Amino acid sequence: MNYGIFICLIALTHQLLVDHVCSCEQLQSQDDCNIGIKQCLWSDISCNTIQCQSFDGKTEKECIDFIGCAINDVGNCRPFSDCVDYHVKDPKECETKWPTCVAGTNIIDGKYECIEKGDDNIYYVCNKIEDKGICTADSIENQAAIKQADGQVCDWIIEDNVGKCIAYDPNKCSNIISKSKCDLYNCRWDSEKEECSEPYCIEITDKTKCTFIRGDQTGTFQICQWENEQCQDALDTSFLTKDNCLKNTFYSASWNGTNCNLCQNDGFSTLLSIVIMIILIL
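When you line the sequence shown up against mature numbering (1 follows the signal peptide of the UniProt record, and there is no 0), it's residues -23 to -1, 1 to 259, in that order.
Here it is in structure tokens:
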């Protein structure tokens, strides 16, 4: 049997995909609650979410030390919304609102409007681009991809021996048509088929890295398990321990004293901010 096909069969038949993270209230042990120390607070027998509003009237440092909070334009500590919602006198202050915020050129009432880092509010219409270098961003300095206002990225495709620039949603590995974009979004490129797909646990050879991998859709993760001297798709979380239950499931499961249990999806999870910060740092 072809090794690539063998991998595909394993990936399709044994998958434990998760698409959300635990809220503070779902963390059942004090140790897990303490991992979210800047989001969660252990109180006697339960883990609770700390509210940004509780920092009103305190210093900005106390507010922003709590992950996910920022001082808004009226001086209150509230959950971070969007870079453009904040205006500062000192351009350097934008980064204190959120790590990816920088000062833009727009000044309102003597204050700089913050914008997303690397986003100069320049958007493209992919099918109007005729230059391959611009379409793929290869000829644009310090930029790995260009995008449309709807978030779709541009990429170059050859059809009937004619090249053209197209747009697609890069948040799904199987949509991606080039190796450079496939690598950029942490997907798996098949050189023989010239196709992009989600990565496979079985391709991980380092035991310490056999924890989880992204799924086909951004925001979904496949839990991996080291067994029989190789990394495999996990069927459940029963093999995880008190020490690795939360971290090795991408914050989607918590230790209840005897077992590692997946958290139910209750909508927005406060630990999501921690996850985002980890991704930004990597």
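For every residue, glycine included, the Cβ atom is placed at its ideal position computed from N, Cα and C. Since this is a predicted model, take the numbers as computed values, not measurements.
DSSP beta-bridge partners of residue i
i, result
"glycine 140", "Ile135"
"tryptophan 19", "Cys24"
"glutamine 194", "Lys149"
"alanine 230", "Leu239"
"tryptophan 203", "Cys208"
"valine -6", "Phe198"
"alanine 80", "Cys91"
"isoleucine 85", "Lys88"
"lysine 124", "Val130"
C-alpha distance - residue i paired with residue j, whole-angstrom precision
i, j, result
"leucine 223", "glutamate 180", "23 Å"
"valine 102", "valine 130", "10 Å"
"glutamine 125", "lysine 69", "28 Å"
"residue 270", "glutamate 39", "Nothing about residue 270 can be reported from this structure: the residues present for the chain run from -23 to 259 only."
"isoleucine 22", "aspartate 86", "49 Å"
"threonine 26", "glutamate 107", "50 Å"
"phenylalanine 43", "aspartate 213", "33 Å"
"aspartate -5", "glycine 13", "19 Å"
"glycine 81", "asparagine 238", "45 Å"
"glutamate 2", "serine 168", "45 Å"
"threonine 73", "lysine 219", "35 Å"
"isoleucine 84", "tyrosine 63", "11 Å"
"isoleucine 154", "lysine 105", "19 Å"
"asparagine 148", "asparagine 221", "28 Å"
"serine 58", "glutamine 30", "14 Å"
"asparagine 152", "tryptophan 19", "42 Å"
"valine -3", "asparagine 225", "12 Å"
"valine 79", "glutamine -9", "40 Å"
"leucine 161", "alanine 230", "28 Å"
"isoleucine 117", "serine 215", "48 Å"
"glutamate 93", "lysine 170", "36 Å"
"glutamate 136", "aspartate 146", "19 Å"
"glycine 45", "cysteine 60", "13 Å"
Chain-order list of residues whose beta-carbon lies under 7 Å from that of residue i (same chain, five-residue window excluded)
i, result
"asparagine 53", "Asp33"
"phenylalanine 41", "Inspection of the sequence shows that residue 41 is occupied by isoleucine rather than by phenylalanine. For isoleucine 41, where only same-chain residues beyond five positions count, the Cβ hits under 7 Å are Ala47 and Thr73."
"valine 139", "none"
"tryptophan 166", "Lys156, Cys159, Asp160 and Cys173"
Exposure of residue i, with buried meaning 16 or more beta-carbon neighbours within 10 Å
i, result
"aspartate 210", "buried"
"proline 76", "exposed"
"aspartate 9", "buried"
"glutamine 241", "exposed"
"aspartate 132", "buried"
"isoleucine 134", "exposed"
"threonine 235", "exposed"
"leucine 248", "The pLDDT assigned to leucine 248 is 46, lower than 50, so where the model puts this residue is not dependable, and the model offers no usable value."
"valine 65", "buried"
"lysine 35", "exposed"
"threonine 188", "buried"
"residue 280", "For the chain, the structure presents residues -23 to 259; residue 280 sits outside this window and is missing."
"tyrosine 89", "buried"
Reduced DSSP secondary structure (H/G/I, E/B, other) of residue i
i, result
"aspartate 96", "Note that aspartate 96 scores 49 on pLDDT, short of 50, meaning its location in the model is unreliable and no value can be drawn from it."
"leucine 249", "In this prediction, leucine 249 scores a pLDDT of 46, lower than 50, which makes its location untrustworthy; no coordinate-derived value is stated."
"proline 56", "strand"
"cysteine 164", "coil"
"residue 260", "This structure does not reach residue 260, given that the chain is present from -23 up to 259, and the question cannot be answered."
"lysine 66", "coil"
"residue 264", "Outside the modelled stretch of the chain, which goes from -23 to 259, sits residue 264, for which no answer is possible."
"lysine 186", "helix"
"lysine 219", "coil"
"aspartate 9", "helix"
6 Å Cβ shell around residue i - same chain, five flanking residues per side excluded
i, result
"glutamate 206", "none"
"asparagine -22", "Any reading at asparagine -22 is ruled out, since the residue's pLDDT is 40, under 50, leaving its predicted position unreliable."
"alanine 122", "Ala114 and Val130"
"cysteine 112", "Ile106, Cys131, Trp133 and Cys142"
"cysteine 150", "Cys164, Cys173, Ser174, Glu175 and Asp193"
"asparagine 233", "Gln5"
"cysteine 24", "Cys1, Leu4, Cys10 and Cys17"
Cβ neighbours of residue i in the same chain (closer than 8 Å, five flanking residues each side left out)
i, result
"lysine 184", "Trp203 and Cys208"
8 Å Cβ cutoff, residue i in contact with chain B
i, result
"aspartate 183", "In the structure shown, chain B does not exist; there is a single protein chain."
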